[in-house]
Amino acid sequence: MKPFLADPFDSDSLHEECGVFGVIGVADAASFVALGLHALQHRGQEAGGIYAHDPEQGFNGAHRFGYVRDNFTKAEVISTLPGPLAIGHVRYSTAGTKANTAIRDVQPFFGEFAMGGCAIAHNGNITNATALRRELIERGSIFQSSSDSECIIHLMARSIQRNLAERLKDALRRVEGAFSVIAMTRTKLIGVRDPLGVRPLVLGRVGDDGYALASETCALDIIGAEFVREIEPGEMVVISPGKVESSRPFAPAGSRFCIFEHVYFSRPDSIIGGRSVYETRRQIGVELAREAPIEADLVCAVPDSGTPAAIGYAQESGIPFGMGIIRNQYMGRTFIEPTDQIRNMGVRLKLNVNRALIQGKRVVLVDDSVVRGTTSRKIKDMILDAGAAEVHFRIASPPTAWPCFYGVDTPDRGKLLAAQMTPAEMRDWIGVDSLAFVSLDGLYRAAGEAGGRKNDCPQYCDACFSGDYPVAPSDQIERGFQMLEGSETAHAAE
Ligand code: AMP
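Numbering-wise (the numbering used here), the sequence shown opens with residue 183 and increments by one.
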């Protein structure tokens, strides 16, 4: 379990990184969900939860801190979650109340309505959650958690619709921001994506008439489900065994899938938009080698997130690839360590230099992103200590200069290195011989957009790089967040 020390990030932000998984029409659905969540563990390691429904035993839920494998593989937990229908959630939250993170913040959330129970699991971030919460509390809602996602249950409770899927639609029409939501009633599994489709959600087929919904295809693979299709931006599916009904609850909007899912967040063995995440990352490396070539002896990745791009860089440049940094597979993601001091140690605990390979070499080091720069600085020290002649950083994303308000954890703007420094200043601060980031167009090309970014209607959400927020983050604006002058949504927010 992650230690709950003081939150080093924006203290009043409510960002979440999450994975969701649901299945209907199989015996012991909760066991399938446990496996699906295990495959999605990279999306959140703080805690996980499962709700299941059994016609005889009704709804049952279990919520635990820590890894799925440590909690939901135990018979004493899984046996309390019987039934053919279940949903689950893994989370990593940077909610301001982290020091007090309680088990009641762990999803799925459950509500008992006149027409039966409903459990929901949300991936993304509701950008008007503070305003909604205020309004709901004024009108009598009693919140159980500090999570933005709980608003959905309370909004459902206020809806006058007669069935739960319709109530969920009503609720989500009031919600702004990014959401991929999985819900379950006594008989139905429901999946919805926000109109821009910022977070992923895919549909799979299990056995004869079972279905699964998952954040990523890698979670379908683990249970042997067949990938059917992505849930489309703005689509709701209501699934019963053997039957998928689709509807469009929201006004149509152009898709703005999160490009950072391609860069870092999703697993490389997942398929997004018909494209292998691994291949996109490898292609980013190819773009980087074209945009920022350098004479060197060895290309190394910062494992594991930098590996596919490093392979692409090596292939395109002709410089040999080597495993110059070895990762201890038993550590979590460094970024998740809560204080700078622990994060610094964390890099060493997690990564070690392969001294014999590095010594005397001019090394190109490829990483997926620079956020605070802490990792880069530490790794550069380790490589130089091991006797490298030169260190050249190549980053498989543009400078991360803006925080994400749609469900990827990022620190506030003041802590983002790229918001404070130019690339040349960053190079000096990190202390490397050269530093280059892939361009935004290069990233788009790698993601399959041959013509690059269409600046008048971007194909992705790339707010963390461009400052162009497709949905005005209204809670943040209320707290004083300043958007880029002249950006589309800056006007919308006025
Ligand atoms: P930093 O030391 O703050 O520059 O962290 C950068 C490293 O954190 C990168 O190498 C990424 O692999 C990783 N990273 C980037 N964004 C995230 C995120 N949202 N959550 C977890 N890890 C991240």
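Virtual Cβ for every residue (Gly too), placed ideally from N, Cα, C.
- Annotation: the continuous beta strand (DSSP E) that includes Asp236 extends over 229–236.
- Its chain contains Val380, Arg438, Cys440, Pro652 as the residues whose beta carbon lies nearer than 6 angstroms to that of Cys643, once the 5 sequence neighbours on both sides are disregarded; these appear in chain order.
- The alpha-carbon separation between His336 and Lys351 amounts to approximately 13 angstroms.
- Our two residues, Asp650 and Leu666, have alpha carbons roughly 7 angstroms apart in a direct line.
- If you look at Phe409, you'll find it in the beta strand (DSSP E) that goes 408–412.
- In this structure, Gly624 keeps its C-beta atom at 8 angstroms or more from the C-beta atom of Val548.
- Going by DSSP, Glu473 is part of the alpha helix (DSSP H) stretching over 459–473.
- Contact between the segment 568–585 and the segment 604–620 is present: 3 or more CB-CB pairs across the two stretches fall below 8 angstroms.
- At the C-beta level, Lys543 and Leu480 come within 8 angstroms of one another.
- The C-beta of Pro502 has fewer than 16 other C-beta atoms within 10 Å across all chains shown, which makes the residue exposed.
- Taking the Cα positions, Ser323 is about 33 angstroms away from Leu385.
- Inclusion of Asp591 in the 7 angstroms shell around the ligand AMP follows from its C-beta lying nearer than that to a non-hydrogen atom of the ligand.
- Note that the segment 529–536 does not touch the segment 457–472; fewer than 3 beta-carbon pairs, one per stretch, sit closer than 8 angstroms.
- Excluding the 5 residues flanking it on each side, Lys597 has same chain C-beta neighbours closer than 6 angstroms at Arg554, in chain order.
- For the set Val205, Thr312, Lys560, Ser579, the Cα lying nearest the Cα of Ala628 is the one of Ser579.
- The beta carbon of Asp549 sits closer than 7 angstroms to at least one heavy atom of the ligand AMP.
- Judged by DSSP secondary structure, Lys562 falls within the alpha helix (DSSP H) whose first and last residues are 556–567.
- Assignment of Met665 by DSSP, reduced to helix, strand and coil, places it in the coil class.
- Your pair Asn307 and Phe647 does not check out as a contact, with CB atoms roughly 18 angstroms apart and the cut at 8 angstroms.
- Shown here, Asn253 sits in a helix according to DSSP, grouped into three states.
- For Lys351, the enclosing alpha helix (DSSP H) covers residues 346–355.
- Not one heavy atom of the ligand AMP lies closer than 7 angstroms to the C-beta of Ser448.
- Closest in C-alpha terms to Gly389, from the list Phe241, Ala211, Asp550, comes Ala211.
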